[in-house]
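A.B. asks: Chains as they are written, first to last, in this note's numbering: chain V, 53 to 310; chain H, 30 to 670.
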């Protein structure tokens, strides 16, 4: 059985999909694209598609979500990418597909790079808040999770946090308006520190609050490269091992359809 | 109705700013697979289709999907969909001034020519008022101007639209396919002529045909005691009676061809094909069976083609074969086997909702579960005692039921669900307690046959509501105290049973919502004030127990001077003019009355598909006939994909 790893994006209005919405959409797209997906055995067989890492929350866009899919016939990653992307609704876009190499993909997703656009926010105030955030050692925030209200440190996991000025049309504004852009790299931890936790932290340290809901995008996730201070492509390792031939056929037997 | 000079822009940018603050925002963004967005300016007739409940309930609705596809296939015509928004978004829309929108292109509903509402149930009435109000359309038809859409109701509840007559411009009875096209052409012609005479003339043109009911062209007079004296047209050219529509050849209307596939989770995650319309089993409580006559089957080959195309176009992994009693299709065995063969090994499951109690259905269920999934089977004896089942004309003997269920257990089904009703005409406490006896016998026989104690039976009980155009339209509805008392007695009996009680589950609702449903089902124009008052008091989503408030309805009725008992628990006389008597479902009133008398006397009536016609009146008055197979054709397995 072959395993393929898929990087996909959720963009635009599709950012309002929940993780469950995406999983149904992917299952249906797999059927429409006639991908020879493997099924689990048992009373209620389900397709072997697993989602890797913590999904971007509902309402948050992402350029870097990951899943793994097991197929019963050898598939060419390039063809699978085209077929799956063609079957998914626009806004759920397949960006990259590789044959799984050795090692767990989940283990490689060590950190995420995020971008937050804050329409109508004040750049100077944001800069002060970010400075204070970066200067702090611990910032305790509270968030309602499935296990109830949890209190945790939102500072340590944040590897970098910077501000920039941006512009462009944003939700709710017909005319373009200046906005503040926050960029951050956050190490994956338990409980996960999410962009909204960082915003909570900014409010706590400097009373900084954006006037309208932020537009959040996950730009990348992967192994942390300390030289660049952010994630690198987690598929690099799969490409290396398949070149080395560890997991078999790069360009070997390939099924006719996919 | 659109003012042609004004451009119609997408409301999405304004809506998008609100979405991060609401629950399940995906339901409002549209973009479903197989949805259609057409150019606004290239269409001359534009429909907004509404299912007046939440998106998760409304999206799978077959009626809306069929009309949406048919209208969008017509050149110069566009159709978009709109659903009830949840209170969290409603509040934000009001605060920000965002009007009711369609999910396809997020256009304002008020800009359309027609707002077509599909009412499966009366409990969507308050949601209609929310949508009208958010759209900026006056609630009362009398206050609307030429810029407002024609507000048009269809669906089963439209067979008595009188409680919402003040809010509607028009209503249509029966199958929507052909009449929606006809209405479109009337509007197109009227607009091409420069909209002469405003909306009044358009409504007149629609009413003249006798196929569209325009409430304001009819006056209702009352007796001093409150009964209706007469319903009569108030201008010449308007027919005395409005008739229902019947599509006679379902093979010519194979819709939906391209089912909508939502991103959001909905109540039915499957591709549904209607395998026939109508039902002549003659269950006396069943409005659907009465108003959709005669039986018209879709042929096995059309069913096969629709399933194949629909599964391919949607990616759904479940196919539902819909109808009012699906196992009654003349070739259901071949349909089941043919589809099971085609989809063997593809993890595509087949389901057959609405089946009757007989052994043949177990064979069918076995065929459908060939891939190993045998979870539960559902049967609907509806009445707890033999006498009760005679009254409602549900011809199932206790022997049949126990034999059928025992067969199911021996063939590996572990769980059987039985549907019943409480509050039926002539019902006594003993009839409801009979449900417990039946369930005990079912478990006893099942244990003996399988030698296992690992079998279960769930009894599910709904409150009976007398419906227009049925033999029970004259009946007194049971008051909710009586229904609740009987349900409690049943529950206590089951709970107290040491031998079988733990193998029997019971699901039920209290009797109060049925009283409100009864008021709306058999109400007349005076009930409109109650609906409006409930809505003004915050009433929304009345079909949802967490939103429904019985007290709100009772308070509003009291304030409006409407006696709820008079509409619900009062038995009607033969000659009383009923609010829907001028609306023609084809059923002969004398036959309905005779069937009501037969019900009281425990006299059963056979199914006219297989026995001689008993003159219900539908076929001759509507110019229709029963259309059933067998065609003798078979489904071949699909070629390997």
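Yeah, the Cβ is synthetic: ideal placement off N, Cα and C, and Gly gets one too.
What is the DSSP secondary structure of residue 451 of chain H, reduced to helix, strand or coil?
C.D. replies: When secondary structure is reduced to three states using DSSP, residue 451 of chain H falls in the strand class.
A.B. asks: Is residue 617 of chain H helix, strand or coil by DSSP?
C.D. replies: Residue 617 of chain H: coil per DSSP, three-state reduction.
A.B. asks: Any idea if residue 219 of chain V is buried or exposed, counting beta-carbon neighbours within 10 angstroms, 16 or more meaning buried?
C.D. replies: exposed
A.B. asks: For residue 243 of chain V and residue 213 of chain V, I'd like the C-alpha separation in whole angstroms.
C.D. replies: In this structure, the CA atom of residue 243 of chain V is about 19 Å from the CA atom of residue 213 of chain V.
A.B. asks: To the nearest angstrom, how far is it from the Cα of residue 583 of chain H to the Cα of residue 97 of chain H?
C.D. replies: 37 Å
A.B. asks: Counting only beta-carbon separations shorter than 8 Å, does residue 50 of chain H have a partner in chain V?
C.D. replies: yes
A.B. asks: For residue 189 of chain H, is the classification buried or exposed, using 16 other Cβ atoms within 10 angstroms of its Cβ as the cut-off for buried?
C.D. replies: buried
A.B. asks: Which of helix, strand or coil does DSSP assign to residue 185 of chain H?
C.D. replies: Residue 185 of chain H sits in a helix when the DSSP states are folded into three classes.
A.B. asks: Distance, Cα to Cα, residue 193 of chain H vs residue 639 of chain H?
C.D. replies: 39 Å
A.B. asks: Starting from residue 537 of chain H, trace the alpha helix (DSSP H) in both directions and tell me its first and last residue.
C.D. replies: Note, residue 537 of chain H: premise wrong, no alpha helix (DSSP H); beta strand (DSSP E) at 533-537.
A.B. asks: Mind checking whether residue 476 of chain H and residue 482 of chain H have CB atoms under 8 Å apart?
C.D. replies: Yes, they are a contact pair.
A.B. asks: Would you list the one or two residues that DSSP bridges to residue 319 of chain H?
C.D. replies: Partner(s): none; residue 319 of chain H has no beta bridge.
A.B. asks: On the premise that residue 288 of chain H lies in contact with residue 343 of chain H, defined as a C-beta separation below 8 Å, what is that separation, rounded to the nearest angstrom?
C.D. replies: 5 Å
A.B. asks: Closer than 9 Å, Cβ to any Cβ of chain V: which residues of the region 329-357 of chain H, in chain order?
C.D. replies: 340, 341, 342, 343, 344, 345, 346
A.B. asks: Below 8 Å on the Cβ atoms is my guess for residue 260 of chain H versus residue 610 of chain H; work out the distance and round it to an integer in Å.
C.D. replies: 7 Å
A.B. asks: Going by other Cβ atoms of all chains shown within 10 Å of its Cβ, with 16 needed for buried, is residue 426 of chain H buried or exposed?
C.D. replies: exposed
A.B. asks: Does any C-beta atom of chain H lie closer than 8 Å to the C-beta of residue 291 of chain V?
C.D. replies: By this cut-off, residue 291 of chain V is not an interface position.
A.B. asks: Taking 7 Å as the limit between beta carbons, can you name the residues of its chain near residue 647 of chain H, skipping five residues before and five after?
C.D. replies: Within the same chain, and ignoring the five residues on either side of residue 647 of chain H in sequence, the residues whose Cβ sits closer than 7 Å to its Cβ are 322, 323, 615, 616, 653.
A.B. asks: Using a threshold of 8 Å, state whether the C-beta atoms of residue 177 of chain H and residue 64 of chain H are closer than that.
C.D. replies: no
A.B. asks: In its own chain, which residues sit with a C-beta less than 6 Å from the C-beta of residue 371 of chain H, not counting the 5 before and 5 after it?
C.D. replies: Cβ within range, chain order: 666, 667.
A.B. asks: Applying a beta-carbon distance threshold of less than 7 Å, which residues of chain H neighbour residue 173 of chain V?
C.D. replies: Those within 7 Å of residue 173 of chain V in chain H number zero; the least Cβ separation is about 15 Å.
A.B. asks: Would residue 6 of chain H and residue 658 of chain H qualify as a contact pair, given that the criterion is a beta-carbon distance under 8 Å?
C.D. replies: The first residue shown for chain H is 30 and the last is 670, placing residue 6 of chain H beyond what the model contains.
A.B. asks: Give me the residue from H/340, H/423, H/328, H/434 with the minimum Cα distance to residue 278 of chain H.
C.D. replies: H/328
A.B. asks: Is it buried or exposed for residue 559 of chain H, if we count other Cβ within 10 angstroms and need 16 for buried?
C.D. replies: buried
A.B. asks: On the criterion of 16 or more Cβ atoms from any shown chain inside 10 Å, does residue 93 of chain V qualify as buried, or is it exposed?
C.D. replies: exposed
A.B. asks: Just to confirm before moving on: does the CB-CB distance between residue 361 of chain H and residue 354 of chain H stay below 8 Å?
C.D. replies: no
A.B. asks: Does DSSP put residue 137 of chain V in a helix, a strand or coil?
C.D. replies: Helix.
A.B. asks: Going along the chain, which unbroken runs of the beta strand (DSSP E) with 3 or more residues stay wholly within the region 55-140 of chain V?
C.D. replies: 101-104, 113-123
A.B. asks: For residue 151 of chain H, I'd like the list of residues in its chain whose CB is within less than 8 Å of its CB, leaving aside the five on either flank, ordered along the chain.
C.D. replies: Taken in chain order, the residues that qualify are 186, 192, 546, 549, 550.
A.B. asks: Counting pairs of Cβ atoms below 8 Å between the region 246-261 of chain V and the region 123-134 of chain V, do you hit three or more?
C.D. replies: no
A.B. asks: Is the CB-CB distance between residue 160 of chain H and residue 138 of chain H below 8 Å?
C.D. replies: yes
A.B. asks: In this structure, does DSSP put residue 502 of chain H in helix, strand or coil?
C.D. replies: helix
A.B. asks: Assess contact between the region 133-144 of chain V and the region 73-92 of chain V, defined as three or more Cβ pairs (one per stretch) separated by less than 8 Å. Is contact present?
C.D. replies: yes
A.B. asks: Verify the CB distance criterion: does residue 265 of chain V have a CB-CB separation below 8 Å to chain H?
C.D. replies: For residue 265 of chain V, the closest Cβ of chain H is nearer than 8 Å.
A.B. asks: Which residues of chain H have a Cβ atom closer than 8 Å to the Cβ of residue 178 of chain V, listed in chain order?
C.D. replies: Here the premise fails: no neighbours, minimum Cβ distance about 19 Å.
A.B. asks: Return the bridge partner residues of residue 407 of chain H from the DSSP annotation.
C.D. replies: In DSSP, residue 407 of chain H forms a bridge with H/446.
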